[in-house]
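Here's the structure we're looking at; comments come further down.
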Amino acid sequence: MELKQDEITQEQWDEWKQLMRDNCCAECGCDLTIKTIPEHATLYFGCHNTEHHGFIERTTYTQELRRGA
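Residues in the sequence shown are numbered consecutively from 1, following UniProt numbering.
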């Protein structure tokens, strides 16, 4: 997900921060990040590996314990 740096609102920034806390990359399970792409003057939200797309909700320790993992 990319947004122009000058177009992002505080509400969107807070939403991205919440998504970072609650989700991880759907392909590799790594943490999500917000980074700047200077060439496009945009902010990018996603996996550190830009070839990965999508994210899933993190499971809690209790959820993993109930599943027997």
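Positions of the beta carbon are idealized from the N, C-alpha and C atoms, including for glycine.
Proximity below 9 Å, CB of residue i to CB of residue j
{"i": "T42", "j": "K4", "result": "yes"}
{"i": "G46", "j": "F55", "result": "yes"}
{"i": "H52", "j": "E27", "result": "yes"}
Whole-Å CB distance - residue i paired with residue j, under 8 Å assumed
{"i": "E2", "j": "Y44", "result": "5 Å"}
Selection from the options that minimises the alpha carbon distance to residue i
{"i": "I8", "options": "E27, I34 and H52", "result": "I34"}
{"i": "E57", "options": "D22, T36, W13 and E11", "result": "D22"}
Cβ-based burial, residue i [other Cβ within 10 Å; buried from 16]
{"i": "C25", "result": "buried"}
{"i": "L65", "result": "exposed"}
Any non-hydrogen atom of the ligand ZN within 8 Å of residue i CB
{"i": "K35", "result": "The ligand ZN is not part of the structure shown, which contains no ligands of any sort."}
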